[in-house]
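Below is one structure, written out as structure tokens, with a few remarks after it.
Chains as they are written, first to last, in this note's numbering: chain A, 5 to 118; chain B, 16 to 130.
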């Protein structure tokens with residue numbers, strides 16, 4: 005059962021416009037959410053995160069919104085740049101047996117066209 | 016320069032052979048993790064370790080083994096019992112539970128191909 009879902013496998017936007025990547029989750033015990041960016045054949049790079057007690061976190065061009073009642077979070081990139089083209093993974097953190105584990109979605113491939 | 020190193024970048028093995036993937040970190044992180052990524056899939060947790068000499072199975076541990084003899088090192092052995100070993104393997108580390116830091120930092124990955 006997939007606890008973190010990214011329902012759009014791909015997204016294409018024009019340079020300068022907004023990119024919105026979405027993520028849904030089912031486990032109400034998740035206490036922290038993260039977004040990672042990944043280029044092919046490389047490890048993921050941490051982008052931005054948000055605690056479950058907040059509804060928004062902003063870092064430069066990147067903003068993450070959390071709607072706990074809907075169990076939904078989104079990543080906004082404004083303005084989008086060609087260098088943002090990558091696969092974006094949503095991840096959620098849950099405490100389990102004294103450990104903190106991350107559960108990842110399957111990713112959304114973002115293409116920003118010049 | 017702190018970071019996580021994985022070697023080699025590409026690894027080829029014959030079916031039936033065990034193979035060990037290296038992961039080293041100099042971030043002084045307590046926790047280390049191994050993930051596997053398949054095409055079109057997210058990252059799936061194989062094993063993780065919160066402290067030296069202790070590790071737990073993740074979601075897909077069958078056919079894999081690990082050790083954590085040193086804080087800096089967390090090697091993963093892909094055994095011949097793993098039915099579909101060809102994949103991209105990622106090692107990560109973090110400060111561990113109770114520190115308030117949830118981010119995991121990833122190495123560059125090892126692409127394992129078994130034929």
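Even glycine gets a Cβ: it sits at the ideal position worked out from N, Cα and C.
CB contact below 8 angstroms: residue i versus chain A
{"i": "residue 57 of chain B", "result": "yes"}
{"i": "residue 119 of chain B", "result": "yes"}
{"i": "residue 78 of chain B", "result": "no"}
{"i": "residue 36 of chain B", "result": "no"}
{"i": "residue 65 of chain B", "result": "yes"}
{"i": "residue 51 of chain B", "result": "no"}
{"i": "residue 105 of chain B", "result": "yes"}
Backbone CA spacing between residue i and residue j [nearest angstrom]
{"i": "residue 40 of chain B", "j": "residue 121 of chain B", "result": "10 angstroms"}
{"i": "residue 28 of chain B", "j": "residue 78 of chain B", "result": "15 angstroms"}
{"i": "residue 95 of chain B", "j": "residue 32 of chain B", "result": "6 angstroms"}
{"i": "residue 42 of chain A", "j": "residue 88 of chain A", "result": "10 angstroms"}
{"i": "residue 51 of chain A", "j": "residue 39 of chain A", "result": "5 angstroms"}
{"i": "residue 108 of chain B", "j": "residue 119 of chain B", "result": "5 angstroms"}
{"i": "residue 103 of chain A", "j": "residue 65 of chain B", "result": "7 angstroms"}
{"i": "residue 51 of chain B", "j": "residue 20 of chain A", "result": "34 angstroms"}
{"i": "residue 68 of chain A", "j": "residue 30 of chain B", "result": "44 angstroms"}
{"i": "residue 58 of chain B", "j": "residue 27 of chain A", "result": "15 angstroms"}
Selection from the options that minimises the alpha carbon distance to residue i
{"i": "residue 107 of chain A", "options": "B:67, B:49, B:37", "result": "B:49"}
{"i": "residue 53 of chain B", "options": "B:104, B:117, B:91", "result": "B:104"}
{"i": "residue 24 of chain A", "options": "A:80, A:105, A:54", "result": "A:80"}
{"i": "residue 47 of chain B", "options": "A:105, A:113, A:83, A:109", "result": "A:105"}
{"i": "residue 43 of chain B", "options": "B:30, B:25, B:36, B:67", "result": "B:67"}
{"i": "residue 9 of chain A", "options": "A:37, A:47, A:64", "result": "A:37"}
{"i": "residue 15 of chain A", "options": "A:95, A:46, A:86, A:64", "result": "A:86"}
is_contact[residue i, chain B] using C-beta, thresh 8 angstroms
{"i": "residue 118 of chain A", "result": "no"}
{"i": "residue 36 of chain A", "result": "yes"}
{"i": "residue 111 of chain A", "result": "yes"}
{"i": "residue 69 of chain A", "result": "no"}
{"i": "residue 19 of chain A", "result": "no"}
{"i": "residue 83 of chain A", "result": "no"}
{"i": "residue 64 of chain A", "result": "no"}
{"i": "residue 90 of chain A", "result": "no"}
{"i": "residue 105 of chain A", "result": "yes"}
Query raised in the report: Enumerated in chain order, which unbroken segments of the alpha helix (DSSP H) with a length of 4 residues or greater are wholly contained in the stretch 11 to 83 of chain A?
Result: none
Report task. May I have a chain-ordered list of the beta strand (DSSP E) segments no shorter than 3 residues that lie completely inside the stretch 34 to 64 of chain B? Result -> Fully enclosed beta strand (DSSP E) runs of 3 or longer: 34 to 40, 46 to 52.
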